[in-house]
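One structure below.
Chains as they are written, first to last, in this note's numbering: chain E, 3 to 309; chain Y, 25 to 341; chain H, 65 to 575; chain G, 1045 to 1381.
In structure tokens:
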């Protein structure tokens, strides 16, 4: 019996396929992710809601006459309670809240999504660099990050909007920039844990360029917390838009942005709460939809979470 | 570890310099200054404005103004408010007790709601209970603070006689409603972090070891799993605590809570440069210290991180 | 020096009960049935206790309680009343004014009030941060004390409205000893019925009754002004019994107050005139016909309904209805009021350089003005004027008005009852002249009226100003918003003024 | 009671154990109708490829099969008690005290945030009526027993090497002196030299404490070294079981033969390795007949229609292979003496 410590030559169950054509590999990965996603009920509900909102946003102009239904003022019909004619009631200028909420998806969803993408884009790049390279680059980025996070969002809003004009995009920019520090911190933290994994060293050994390693091998493994943060951030961005529009830094009136509808309904919280409840519900539903989708996406992308 | 803490404290110096300059610069970019406001309020003539600008030290370039400000800062003088004429440090410190109380209470509320919720959702992953508890935490995220605050005042404070509608004078009772308002806004992020962090830990082999020892499932989760899941949870909670220490403007407004948030926003609105710069410097220092404490807490929770702090070998990849 | 002051203070303090007992024999019996502390919920933040540094109404209410000026102004009778000065007289050229001071007044620190304190107030005022105060005291020809109870002021130019000016709270008399001893806390010391006890910025101001006050002693020992910025929360605090008075409840919640038997609602039309200022230097709006077209296209009642919840009175001219020389009988001078008339508006527009209409940008600085602008925006569509709404914060707005980088803004101004106060909005060089209006005749008339001592001719001059302005329409007058005070049924004794400058000196709340 | 147990009484008896993982997409049949016995003081080896269901079987013995696993059995008796009928409280008492498990990967089996001393003492505190101090003292003894200086009890897992960690895992498992110890590939993650040390340690402890042991491995060498009996698993079934000698020297099942053939022969290094062709079938889609048939060079049409019956070659040696229905069937591997 001299075969001690000799293992069975295990059949090639997980053998590396060698350098298969990459295009092919990625396509199947994509398909796997989509397949996983399509099986996730929550994600499908989320996707459905988002599609519905996007459709409403796209066809809002077809459905409603902007001048008459959305911004047209009918003082005689102000502050009507929800009824069949006005399912969500009317606001203090006699405008139908239901129509305004639907139309407002145009502004709010784009504010939420674009602001988050701006914050995500800048934050992930900086965070990945900081987490991956360490040393001086990390120190500089993280100190810069500390500085940036000390600037109150209102101050940032005032400056960006007043220096560059009160447009919707500048509002998105202001909100996006204030969310950069969060993304930097989260990305850096997860890159730090992935960076020291052996497979990254293996890629180095294989002579793959650093940019490629970061983009294709490090970041995909850090996606889970970033996706969670991003989907949550969409909500905070819409809410942030409401506090900025209270200061007059939002989407210019009379556009029915949900945040500004909320802040204008503030006086009526007690006497006509439907002015705030419905835009608030709209935000809730949107946030939920994005989170459900985000969760599903994370589960589909992250094989560790499948079981 | 002490060296690490010292290093971190030293690193705050460039941050303070950067923050003060950035804010100075931003305040310079912001349209209008305190004199413009006084013009409107007091109905001054234009001749009076230049004298006033001189008096408020608003003449000269940003750089010279910044330089003289920092000179005073190095002497330990944060300047005085242009609006009230009181020293900035006094105004800030006066607001700190209320701010600290609210921040602690909000984090407490957030933790007692979100950690059990997150753990529960992780254990029941994929079930209806999981989804329901996550929806619950999102509601907190989607409700604007002012709405929840006002609702709490109308529905709760008007019916519960010992709960005041606002102010910071009635002890514990006065912090309950503001803390719920701020705390519920924080639960979503914390609950979700707890959930995903617990999910990571729940699949770990060492929990099987603990179970194989014969531990109760409850203990396995609350002691052995939770402690391993704490790092991301503490990171988020610590970050939230730091942010709330910077003030919760809308809640402070609704509950007339004398906190730092409104102090800064009021100062920004009235373009009170010394007040804005001073308060934000003090705020960054406070936040920096809190974040440092959180980072040191990691070491207490996870011995591996402690070892890293001791070595702190940086690998340039 | 310091020691002697402290010693004196101690002696005075120990003596003060002796003085006090003589004055208020029946006091204990009274306070038994009234609350010792009255709490007032206010909507604006107070940022200091130094009367010369702050000018807003929120501060004036407090300084009215803690300090006295030489003279006071009674809003009800619209008359100047004696305060620290018992009587006064002016020379015929209105340049030299002599005041006879009370001799029975002590400051909160126990110091006796003398003419020297008036001299010191002037000295202090020359370095004050408040530009109005500073320019007044520095612009004086001379000030001197004739004796302990007589002060003489000499002005460089005649000023009929001097007494109105110095009746303002920021002309409060300070105590030399107090300010010299402590430059930051010293100005808190006044001669009013209440003393500053605690000031917690952003939370409350607590005043304590000054038992050696020269006038009738108030009933409440403490007055606490709590800062409750959110209207809904402020009203809830009143319903909850946390406060006894709620200033400026939300217009939207007045019905709640009316329905509550425990509360009393006190509403009044304010003297704050809200108007639309059209920048006369703007290429489009320099055209008088465009301005008139806008004025006639606006339906003010709709603006009031939408922006002020219907609680306001329509303004019929750019002169305060309570103001000296007010005139609104436009028919008698061949004009008409800017009543809504789209046809007239179209005619004016047709006469202008922009018969096809125009696109304008209106600037707003707060949420209620945004509402008003949205309504105006909607109304101006009828005459083919497109309006874009631009929102900025208060400082941003001020910068715009300083530089003239705007087309139109909505603003409101509270005038004093002096006719000359309107010069602020009509003559160049004034920051509130948001129309950037400059009419040589109007400027001249204001100058002439300022020194005209004849009532009839003076009024005629003011009438002429108003006729010119009405015809040229640099401003579209909108409304005087209503405001109010809600208080518990048990609270009484306060005087609620339409300027918002309420007098809480004698407020008392039954237990 | 202990003394009354005869050497031949089984301490562990499993009959018809199945484990399924049911998800929305598929049902994974990880373990299918297996039965086995373990007698006091004996060591049973489970051998098979990755995914054959060895670890799942072990987990089922502790009722630790993770969700969504479903365990079905006629009987799982350990020390005379039915495991599947235990209440949660009984189960807690049973785990660690009656049965203990050494997990495959020592790198992940230890909780990184507690000291090793705490982790050992933990188990003792749970099952024995001792104070914390006593438990810690016992933990130190356990450490010494597995060859780690007691002074290192205050250190954390990350401060230990792989072999040391595995010793700690063993110390935890043995802390309460269990009747049955399950070792799930205890040496796979270790260096060759360390493997030998750990194995020797386990042998020594087993003999000293007269424990019964289940050794799960895919290393035939370890089986030969430590086991008394062997069960060969394939696709969730036991295909051949017997004493060490029976399975190694009188191999009957074609799969077992295939395992031996895949080993390099030191005596004849020029000979080609003969790996088993193909892959193990997907456990969510097992064939009706013998799961090994597609890879089996002896397979005939009779193999694919039904599950093969057990053939008894001795009291202890059974083989599940339909080929033995054919008259005169033998496999190529020569019998050894």
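All C-beta atoms in this analysis are idealised placements derived from N, C-alpha and C, irrespective of residue type, glycine included. The structure displayed is predicted, hence computed values, not measured ones.
Show which residues of chain H have a CB atom less than 8 angstroms away from the CB atom of residue 205(Y). None at all; the shortest Cβ gap to chain H is about 11 angstroms.
State the DSSP-derived secondary structure class of residue 572(H), mapped to helix, strand or coil. strand
In chain order, what residues of the stretch 61–95 of chain E put their CB closer than 8 angstroms to some CB of chain H? 69, 73, 74, 75, 77, 80, 94, 95
Bridge-paired residues (DSSP) for residue 254(H): In DSSP, residue 254(H) forms no bridge with anything.
Quick check on the DSSP output: what are the complete alpha helix (DSSP H) runs of length 4 or more inside the stretch 226–264 of chain Y, in order along the chain? 229–237
May I ask you to report which of helix, strand or coil DSSP gives residue 86(H)? Interpretation of residue 86(H) is limited by its pLDDT of 38, a score under 50 that renders its predicted location unreliable; the figure taken from the coordinates is listed afterwards. Helix at residue 86(H).
Alpha carbon to alpha carbon, how far is residue 364(H) from residue 94(H)? Give it in angstroms, no decimals. The predicted model places residue 94(H) with a pLDDT of 47, which falls under 50 and marks its position as unreliable; any figure quoted below should be read in that light. Straight-line Cα distance between these residues: approximately 50 angstroms.
Contact residues within the stretch 245–277 of chain E, judged by C-beta distance below 9 angstroms to chain Y: Interface annotation for the stretch 245–277 of chain E against chain Y: 245, 248, 249, 261, 264, 265, 267, 268, 271, 272, 275, criterion Cβ-Cβ distance under 9 angstroms.
Interface residues of chain H facing residue 177(Y) [CB-CB closer than 8 angstroms]: Those are 296, 297, 300, listed as they occur along chain H.
Since residue 1296(G) and residue 1363(G) are thought to touch, with beta carbons under 8 angstroms apart, how far apart are those beta carbons, to the nearest angstrom? 4 angstroms
How should residue 26(E) be labelled, buried or exposed, when 16 other C-beta atoms within 10 angstroms of its C-beta is the threshold for buried? The predicted position of residue 26(E) is uncertain, since its pLDDT is 47 and thus under 50; no value can be drawn from it.
Is the distance from the Cβ of residue 1290(G) to the Cβ of residue 1361(G) below 8 angstroms? yes
Are the beta-carbon atoms belonging to residue 459(H) and residue 354(H) less than 8 angstroms from one another? no
Can you tell me whether DSSP reads residue 214(H) as helix, strand or coil? If DSSP states are grouped into helix, strand and coil, residue 214(H) belongs with the strands.
Less than 8 angstroms between the C-beta atoms of residue 202(Y) and residue 275(Y), yes or no? Yes; because the gap between Cβ atoms is below 8 angstroms, this pair is in contact.
Please report the residue range of the beta strand (DSSP E) in which residue 1366(G) lies. Following the DSSP letters along the chain, one finds residue 1366(G) in no beta strand (DSSP E), marked with neither H nor E.
Which residues in the same chain have their Cβ closer than 6 angstroms to the Cβ of residue 1151(G), if we skip the five residues on either side of it in sequence? none
Same chain, Cβ closer than 8 angstroms to residue 1222(G), five either side skipped, listed in chain order: 1140, 1141, 1142, 1143, 1144, 1255
Taking CB distances under 8 angstroms as the criterion, tell me whether residue 86(Y) reaches chain H. no
If contact is defined by three or more beta carbon pairs under 8 angstroms, each pair taking one atom from either stretch, is the stretch 288–298 of chain H in contact with the stretch 272–290 of chain Y? yes
Does the beta carbon of residue 1230(G) come closer than 8 angstroms to any beta carbon on chain Y? no
Where the stretch 134–151 of chain Y meets chain G: residues whose CB sits under 8 angstroms from a CB there: none
Below 7 angstroms CB to CB, which residues in the same chain sit around residue 92(E) once its five sequence neighbours on both sides are set aside? 79, 80, 81, 82, 98, 99
Roughly how many angstroms lie between the CA atoms of residue 1201(G) and residue 1136(G), to the nearest whole one? Spanning the two alpha carbons is a distance of roughly 25 angstroms.
Check each candidate in 125(H), 122(H), 147(H) and name the one with the smallest Cα separation from residue 133(H). 147(H)
Alpha carbons only, please: which of 298(E), 297(E), 291(E) is nearest the one belonging to residue 51(E)? 291(E)
State the start and end residues of the unbroken beta strand (DSSP E) segment that holds residue 1108(G). Taken as a continuous stretch (DSSP letters only), residue 1108(G) belongs to no beta strand (DSSP E), as it is neither H nor E.
Same chain, Cβ closer than 7 angstroms to residue 90(Y), five either side skipped, listed in chain order: 45, 48
Of all the CB atoms in chain H, is at least one closer than 8 angstroms to the CB of residue 168(E)? yes
With a threshold of 7 angstroms on Cβ separation, who are the neighbours of residue 130(Y) within its own chain once the five nearest residues in sequence on each side are excluded? 203, 206, 207, 210, 268
Using beta carbons (cut-off 8 angstroms, strictly below), is residue 439(H) in contact with chain E? Yes, residue 439(H) counts as interfacial toward chain E.
Own chain, CB closer than 6 angstroms to residue 256(H), minus 5 neighbours either side, in chain order: Result list for residue 256(H): 129, 130, 131, 132, in chain order.
The stretch 140–157 of chain Y touching the stretch 211–223 of chain Y, judged by at least three CB pairs closer than 8 angstroms: yes
Just to check my reading of the structure: residue 543(H) and residue 377(H) have Cβ atoms closer than 8 angstroms, yes? What is that Cβ distance to the nearest angstrom? Right, their Cβ atoms sit about 6 angstroms apart.
Along the beta strand (DSSP E) that carries residue 548(H), what are the first and last residues, could you check? 539–552
Between the CA atoms of residue 1303(G) and residue 1317(G) - distance to the nearest angstrom: Within the model, the alpha-carbon separation for residue 1317(G) versus residue 1303(G) is close to 11 angstroms.
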